[in-house]
Amino acid sequence: MNIVLAGGGTAGHVNPLLSTAAALKTAGANVWAVGTESGLETDLVPAAGFPLELIPRVPFPRRPNLKALRFPREFNNAIARGKEILRATQAEVCVGFGGYVSTPMYLAARSCDIPVVVHEGNALPGLANRWGARFADAVALTFPSTPLVARRGETVVTGLPLRQQITELSAAGRGTNRMQIAQEYGLDPERKILLVTGGSSGAQRINETIAAAGQVLTAAGIQILHITGRGKDAPVRSVAGELPGYVILDYLTQMDRAYAIADLVVTRAGAGMVAELSTLGIPAVFVPLPVGNGEQARNAKDVVAAGGAVLVDNADFTAEYVAQQLLPLFAAEQLAQMSEKAQQVFPPHAAQSLADLILRIGDSPAGEAG
Numbered sequence: 004m005n006i007v008l009a010g011g012g013t014a015g016h017v018n019p020l021l022s023t024a025a026a027l028k029t030a031g032a033n034v035w036a037v038g039t040e041s042g043l044e045t046d047l048v049p050a051a052g053f054p055l056e057l058i059p060r061v062p063f064p065r066r067p068n069l070k071a072l073r074f075p076r077e078f079n080n081a082i083a084r085g086k087e088i089l090r091a092t093q094a095e096v097c098v099g100f101g102g103y104v105s106t107p108m109y110l111a112a113r114s115c116d117i118p119v120v121v122h123e124g125n126a127l128p129g130l131a132n133r134w135g136a137r138f139a140d141a142v143a144l145t146f147p148s149t150p151l152v153a154r155r156g157e158t159v160v161t162g163l164p165l166r167q168q169i170t171e172l173s174a175a176g177r178g179t180n181r182m183q184i185a186q187e188y189g190l191d192p193e194r195k196i197l198l199v200t201g202g203s204s205g206a207q208r209i210n211e212t213i214a215a216a217g218q219v220l221t222a223a224g225i226q227i228l229h230i231t232g233r234g235k236d237a238p239v240r241s242v243a244g245e246l247p248g249y250v251i252l253d254y255l256t257q258m259d260r261a262y263a264i265a266d267l268v269v270t271r272a273g274a275g276m277v278a279e280l281s282t283l284g285i286p287a288v289f290v291p292l293p294v295g296n297g298e299q300a301r302n303a304k305d306v307v308a309a310g311g312a313v314l315v316d317n318a319d320f321t322a323e324y325v326a327q328q329l330l331p332l333f334a335a336e337q338l339a340q341m342s343e344k345a346q347q348v349f350p351p352h353a354a355q356s357l358a359d360l361i362l363r364i365g366d367s368p369a370g371e372a373g
C-alpha cells in the first residue's frame with residue numbers, strides 16, 4: 004500500500020508522523036512524507052530514512068492585507084502541488100497530523116477521491132484538523148476528551164505515536180537500568196528522584212521555583228535531576244548548585260534515560276510530554292504554559308482526572324506549593340497509585356494502532372467509512 008503522511012513545522016507534528024511511518028514501513032507499506040521547506044521535517048524526515056516531498060507554506064490570513072489578497076491563488080497552488088504528489092506516489096491513503104501542510108493535502112486527497120485519515124495530537128484541535136474532520140474517513144485522537152469527531156467517518160482514540168526510545172523503555176520497564184543510569188548522573192538509585200524539565204527551551208517559573216525549594220526537597224531526602232533548558236542553567240546553579248543530590252543539566256538529548264530513573268516529574272503539559280509520561284506510568288506535576296487558549300491544561304485534563312497527575316497553575320507554582328503539596332506526593336503508596344492510574348489513560352502501542360487504522364481504511368472500498 005502507498006501512503007502519504009502530511010505534517011510538519013514542529014516536533015509535535017513531525018515525531019508522531021515518523022513513529023507512524025516506521026510502523027507502516029514495518030507492515031510493508033510504502034511511505035512518503037509531505038512538509039514545507041521551513042519546518043523541522045526538512046531535517047528529521049530524511050534523517051529517519053523517509054522520502055520527503057514539499058508543498059508551499061500558506062498560512063491562513065488573520066487580517067485583510069496584501070497576503071490575504073494573495074492567499075486564494077497561493078492556497079490553490081499548494082492544493083495543486085498536493086495532487087501532483089498524490090498522483091506521483093499513487094497514494095491509496097492520505098494521513099494528516101495537522102499544521103500548515105495538512106489542509107491543502109486533505110483537500111487534494113478529497114479531490115483525487117483518496118481516503119483521508121486525520122490524527123489530532125492535542126486536546127484542543129487545530130484549524131487544519133477541524134477542517135479535515137469534515138470529510139475524513141477516520142479521525143484518530145490522542146486524548147479521549149478531545150472535541151473532534153469525524154463528520155461522516157469513524158472516530159477512535161489511538162493515543163499519540165511515540166518515539167522509538169520511549170516505546171522501547173515502556174516495553175523493557177522503566178526500572179530495568181535504574182541503578183546504572185542513576186549512578187552515571189551521580190544519584191543514588193535507592194532514593195527518590197525528582198525530574199524537572201521545561202523542555203528544550205526551559206521554563207523560567209519552574210526553574211526558579213524548584214531552585215528556591217531545592218533545600219527543602221534535598222533535606223527531605225529527595226534527589227533532583229534538573230534540566231533547565233539550553234543556556235538557562237546559571238541562575239539555577241547560583242541558587243542550588245551546592246546542594247547535595249541536586250544535579251543540574253542545561254540540556255539532555257536522551258530523555259528516555261531521565262525517564263528511566265524518575266519517580267516524579269515536574270514539567271509543562273505539551274501533548275508529547277503528557278503522552279510520554281502517562282504511557283510510561285510516571286506520576287507528574289504539570290505546570291501548563293500560561294499562554295494561548297489553555298491548550299496545555301486541556302492536554303493534562305484526562306490523566307489528571309484519572310488521578311495519574313496533578314495540575315497547578317503557573318502563578319501558583321511556588322516554593323511553598325512544593326513544600327506543602329508536591330513533597331507529600333513522594334509517599335511510596337501515592338506514587339504507585341498515580342503510576343497505575345496514569346497508564347490507564349492512553350492506549351498502549353499508539354503508533355501500531357494508528358498504522359493498523361490507516362491500513363484498514365486503505366483496504367476499504369473507496370469512500371466507505373468505518
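First residue of the sequence shown: 4, per the working numbering; consecutive thereafter.
Beta carbons: idealized from backbone N, C-alpha and C, even for Gly.
Rounded distance between the beta-carbons of residue j and residue i, thought under 8 Å
{"i": "Val325", "j": "Ala216", "result": "4 Å"}
{"i": "Val268", "j": "Ile251", "result": "The pair is not a contact, with the Cβ atoms about 16 Å apart (cut-off 8 Å)."}
{"i": "Ala303", "j": "Pro291", "result": "7 Å"}
{"i": "Ala272", "j": "Gln299", "result": "4 Å"}
{"i": "Leu374", "j": "Ala274", "result": "Within the shown structure, residues of the chain are numbered from 4 to 373, placing residue 374 beyond reach of any answer."}
{"i": "Gly99", "j": "Val121", "result": "5 Å"}
{"i": "Asp305", "j": "Pro147", "result": "6 Å"}
{"i": "Leu283", "j": "Leu172", "result": "6 Å"}
{"i": "Glu279", "j": "Leu127", "result": "19 Å between Cβ atoms; not a contact."}
{"i": "Leu43", "j": "Ala9", "result": "So it is not a contact: roughly 14 Å between Cβ atoms."}
{"i": "Val34", "j": "Ala50", "result": "With 8 Å as the limit, Val34 and Ala50 do not qualify as a contact, their Cβ atoms being about 15 Å apart."}
{"i": "Leu362", "j": "Ala143", "result": "In fact, because the Cβ distance is near 13 Å, the residues do not count as touching under 8 Å."}
{"i": "Ile209", "j": "Ile227", "result": "Wrong, their Cβ atoms sit about 12 Å apart, outside the cutoff."}
{"i": "Ala345", "j": "Gly311", "result": "3 Å"}
{"i": "Val61", "j": "Glu40", "result": "Incorrect: roughly 12 Å between the Cβ atoms, too far for contact."}
Through-space distance from residue j to residue i, alpha-carbon basis
{"i": "Leu69", "j": "Pro59", "result": "17 Å"}
{"i": "Ala372", "j": "Gly232", "result": "In this prediction, Ala372 has a pLDDT of 46, which is less than 50 and means its spatial position is unreliable; nothing more can be read from the coordinates."}
{"i": "Leu151", "j": "Arg133", "result": "7 Å"}
{"i": "Asp316", "j": "Ala206", "result": "13 Å"}
{"i": "Asn5", "j": "Ala265", "result": "40 Å"}
{"i": "Gly202", "j": "Ile184", "result": "20 Å"}
{"i": "Thr45", "j": "Val277", "result": "26 Å"}
{"i": "Pro67", "j": "Asp319", "result": "39 Å"}
{"i": "Asn80", "j": "Val199", "result": "45 Å"}
{"i": "Ala243", "j": "Val159", "result": "46 Å"}
{"i": "Leu330", "j": "Gly224", "result": "10 Å"}
{"i": "Phe289", "j": "Val307", "result": "9 Å"}
{"i": "Pro368", "j": "Val119", "result": "13 Å"}
{"i": "Glu169", "j": "Thr179", "result": "First, the amino acid is wrong: residue 169 is Ile here, not Glu. Each residue's alpha carbon lies about 13 Å from the other."}
{"i": "Pro19", "j": "Leu47", "result": "12 Å"}
{"i": "Phe138", "j": "Ala354", "result": "23 Å"}
{"i": "Arg177", "j": "Asp259", "result": "9 Å"}
{"i": "Ser281", "j": "Ser342", "result": "8 Å"}
{"i": "Val313", "j": "Ala334", "result": "15 Å"}
{"i": "His16", "j": "Gly129", "result": "11 Å"}
{"i": "Thr145", "j": "Lys195", "result": "30 Å"}
{"i": "Gly124", "j": "Thr161", "result": "10 Å"}
Helix, strand or coil at residue i according to DSSP, with G and I counted as helix
{"i": "Val242", "result": "helix"}
{"i": "Ile117", "result": "coil"}
{"i": "Asn296", "result": "coil"}
{"i": "Glu123", "result": "strand"}
{"i": "Thr92", "result": "helix"}
{"i": "Ala377", "result": "Summary: the structure shown does not reach residue 377, with the chain confined to residues 4 through 373, and so no result is reported for it."}
{"i": "Met4", "result": "coil"}
{"i": "Val306", "result": "helix"}
{"i": "Thr106", "result": "helix"}
{"i": "Gly10", "result": "coil"}
{"i": "Gly15", "result": "helix"}
Whole beta strand (DSSP E) runs in the segment 207 to 256 with 3 or more residues, listed along the chain?
Listed in chain order, the complete beta strand (DSSP E) runs (minimum 3 residues) inside the segment 207 to 256 are 226 to 230, 249 to 252.
On the three-pair Cβ rule with 8 Å, is the segment 338 to 348 touching the segment 230 to 247?
Because the criterion of three Cβ pairs below 8 Å is not met, the segment 338 to 348 and the segment 230 to 247 do not touch.
Count the C-beta pairs between the segment 342 to 351 and the segment 94 to 109 that are closer than 8 Å, then say yes if the count reaches three, no if not.
Taking one beta carbon from each stretch, the segment 342 to 351 and the segment 94 to 109 have fewer than 3 pairs nearer than 8 Å; the two do not touch.
At 3 residues or longer, what runs of the beta strand (DSSP E) sit wholly inside the segment 308 to 373?
Taking 3 residues as the shortest admissible run, the segment 308 to 373 contains the following complete beta strand (DSSP E) segments, listed from N- to C-terminal end: 312 to 314.
Length at least 4, wholly inside the segment 131 to 198: the alpha helix (DSSP H) runs in chain order
The qualifying runs are 167 to 175, 181 to 187.
In chain order, what are the residue ranges of uninterrupted beta strand (DSSP E) at least 3 long that sit wholly in the segment 24 to 89?
Those beta strand (DSSP E) runs which fall completely within the segment 24 to 89 and span 3+ residues are 33 to 38, 55 to 57.
Evaluate contact between the segment 39 to 58 and the segment 75 to 88, counting only Cβ atoms and requiring at least three cross-stretch pairs below 8 Å.
Short answer: they touch.
Does the structure place the segment 112 to 129 close enough to the segment 26 to 36 that three or more beta carbon pairs sit under 8 Å?
Output reads no: the segment 112 to 129 does not touch the segment 26 to 36.
Taking contact to mean 3 or more Cβ pairs, one atom from each stretch, closer than 8 Å, check whether the segment 244 to 262 and the segment 191 to 204 are in contact.
The segment 244 to 262 makes contact with the segment 191 to 204: 3 or more CB pairs, one atom from each, lie closer than 8 Å.
What ranges does the alpha helix (DSSP H) occupy inside the segment 269 to 296, keeping only unbroken runs of at least 4 residues that lie completely in it?
Qualifying alpha helix (DSSP H) stretches, in chain order: 274 to 283.
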